[in-house]
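Residue numbers 4 to 288, in my numbering, belong to the letters of the sequence shown in order.
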Amino acid sequence: MRRRLLESVGETPQSLRDVSVALSKVGDVAVERGQLEEADAAYRESLGIARRLQERVGETPQSLRDVSVSLERVGDVAVLRRQLEEADAAYRESLEIAQRLLESLGETPRSLRDLSVSLNKVGDVARKRRQLEEAEAAYRQSLEIRRRIVESQGETPQGLRDVSVSLDRVGDVALEREELEEADQAYRQGLEIARRIVESQGETPQGLHDVSLSLNHVGNVARARGELEEADRMYRESLALVVRLRHAFPAVPDYSYLEEYISSILEDLQEEPAKAATPIGDSQG
Numbered sequence: 004m005r006r007r008l009l010e011s012v013g014e015t016p017q018s019l020r021d022v023s024v025a026l027s028k029v030g031d032v033a034v035e036r037g038q039l040e041e042a043d044a045a046y047r048e049s050l051g052i053a054r055r056l057q058e059r060v061g062e063t064p065q066s067l068r069d070v071s072v073s074l075e076r077v078g079d080v081a082v083l084r085r086q087l088e089e090a091d092a093a094y095r096e097s098l099e100i101a102q103r104l105l106e107s108l109g110e111t112p113r114s115l116r117d118l119s120v121s122l123n124k125v126g127d128v129a130r131k132r133r134q135l136e137e138a139e140a141a142y143r144q145s146l147e148i149r150r151r152i153v154e155s156q157g158e159t160p161q162g163l164r165d166v167s168v169s170l171d172r173v174g175d176v177a178l179e180r181e182e183l184e185e186a187d188q189a190y191r192q193g194l195e196i197a198r199r200i201v202e203s204q205g206e207t208p209q210g211l212h213d214v215s216l217s218l219n220h221v222g223n224v225a226r227a228r229g230e231l232e233e234a235d236r237m238y239r240e241s242l243a244l245v246v247r248l249r250h251a252f253p254a255v256p257d258y259s260y261l262e263e264y265i266s267s268i269l270e271d272l273q274e275e276p277a278k279a280a281t282p283i284g285d286s287q288g
């Protein structure tokens with residue numbers, strides 16, 4: 004329908020943007036269904052339209068942000084396809100736009116958050132490429148920005164969750180670098196924030212899931228340090244939350260994989276303590 008409107012009214016800024024947005028949504032569904040080639044095609048067409056729109060109307064905040072968001076989606080698919088160089092190029096261009104928007108608009112909550120998201124994505128690719136120093140720098144800059152947003156806007160659930168996510172990423176890099184004390188500090192701060200969100204907002208699916216993952220993170224470090232009783236305690240609390248999540252919210256995505264994952268770790272802790280004393284790798288699992 005939006006393509007037909009574009010044909011009938013011509014390439015107005017609104018008709019172009021409507022097609023671009025619709026393409027992005029088509030791409031989103033394709034990603035959920037694992038149809039990455041189709042998603043890539045939709046996102047790239049959306050990006051092409053966003054660039055044409057920018058050329059037509061100039062570098063307005065909206066046109067720039069539309070290009071930045073489309074670049075991130077293209078990068079996301081490239082990551083899923085393990086095309087890390089292509090993903091890095093898309094994310095870095097998006098980051099450059101986010102920095103320009105921050106300079107032109109000032110430190111608004113939206114411009115700051117957009118920049119923090121772009122930094123995390125650049126950091127994610129650097130981490131996958133084993134460029135841990137670069138990943139850590141990006142994650143720490145994102146964390147600093149998100150803390151500033153909370154300081155200026157107050158402790159909103161979104162603001163707090165953003166800080167917790169950034170702390171987890173900092174902890175992930177520290178764990179991979181075997182800096183276990185630093186990883187433990189970051190993960191425990193993230194866990195404390197996740198618990199506060201649940202206390203203030205109630206037991207939502209997102210809140211319970213976040214606490215469960217944070218408990219796993221802390222358990223991962225304890226396991227790597229050979230502190231098996233502490234690891235066992237964290238994993239068991241995490242498992243109990245996942246079980247509650249599945250029973251209290253049956254309509255949410257199936258978290259049975261997470262229940263199986265934690266249960267397998269607990270079996271390792273009981274049956275193979277020597278094996279459990281070694282790091283288990285990516286705590287995002």
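A virtual CB, placed ideally from N, CA and C, is assigned to each residue, including glycine.
Problem set entry | Buried or exposed (CB count within 10 angstroms, at least 16 for buried), M4 | exposed
Exercise. Ordered along the chain, which non-local residues of its own chain (more than five positions away) have a Cβ less than 8 Å from that of L248?
Worked result: The answer, listed in chain order, is P208, L211, H212, S215, V255, Y258.
Exercise. How about G162: is its C-beta nearer than 8 Å to some C-beta of chain C?
Worked result: Annotation note: the requested chain C is absent from the structure, which comprises a single protein chain.
Problem set entry | Rounded separation between S18 and Q192 - CA only | 46 Å
For this session: Give the DSSP-derived three-state secondary structure of A140 in the structure shown.
Result: helix
For this session: Could you pull the start and end residues of the alpha helix (DSSP H) that Q57 belongs to?
Result: 39-60
Exercise. What is the rounded straight-line gap between the Cα of V60 and the Cα of G13?
Worked result: 15 Å
For this session: Identify whether V255 lies in helix, strand or coil by the three-state DSSP scheme.
Result: Three-state DSSP puts V255 in coil, outside helix and strand.
Exercise. DSSP state of R85, grouped into three classes?
Worked result: coil
For this session: Might you give, ordered along the chain, the residues of its own chain that have their beta carbon closer than 8 Å to the beta carbon of L67, omitting 5 neighbours on each side?
Result: Once the five neighbours on either side are set aside, the close Cβ partners of L67 are Q57, I100, R103, L104.
Exercise. Whole-angstrom Cβ separation of S114 and D165, contact assumed at under 8 Å?
Worked result: Incorrect: roughly 14 Å between the Cβ atoms, too far for contact.
For this session: Can you tell me which of the three DSSP states M4 falls into?
Result: coil
Problem set entry | Counted within 10 angstroms of its Cβ, other Cβ atoms place V32 as buried (16 or more) or exposed | exposed
Exercise. Taking buried to mean at least 16 other C-beta atoms within 10 Å of its own C-beta, is A53 buried or exposed?
Worked result: buried
Exercise. In three-state DSSP terms, what is D285?
Worked result: Confidence in D285 is poor, its pLDDT being 44 and thus under 50, which makes the residue's placement unreliable; the coordinate value appears in the next sentence. Of the three classes helix, strand and coil, the one that applies to D285 here is coil, per DSSP.
For this session: Report yes if the CB atom of V224 is closer than 8 Å to the CB atom of A186, and no otherwise.
Result: For V224 and A186, yes; Cβs fall inside 8 Å.
Exercise. Can you give the Cα-Cα distance for S11 and V22, rounded to whole angstroms?
Worked result: 13 Å
For this session: For my contact list, A197 and A189 are in at a C-beta cut-off of 8 Å; report their separation, rounded to the angstrom.
Result: So it is not a contact: roughly 13 Å between Cβ atoms.
For this session: Spatial neighbours of A1 within its chain, please: CB distance less than 7 Å, with the 5 preceding and 5 following residues excluded, ordered by chain position.
Result: There is simply no residue 1 to check, as the chain begins at 4 and stops at 288 in what is shown.
Problem set entry | Beta carbon of L242 nearer than 8 Å to that of S217 | no
Problem set entry | Buried or exposed by the 16-neighbour rule on C-beta atoms within 10 Å, applied to A93 | buried
Exercise. Can you list, in chain order, the residues of its chain whose CB lies under 6 Å from that of S145, leaving out five sequence neighbours each side?
Worked result: S119, L122, N123, S169
For this session: Leaving out five residues on either side along the sequence, give the residues of the same chain with a beta carbon under 8 Å from the beta carbon of R305.
Result: Here the chain comprises residues numbered 4 to 288, so residue 305 is not present and cannot be evaluated.
For this session: Can you give me the Cβ contacts of R130 inside the same chain, cut-off strictly under 6 Å, excluding the 5 residues immediately before and after it?
Result: A138
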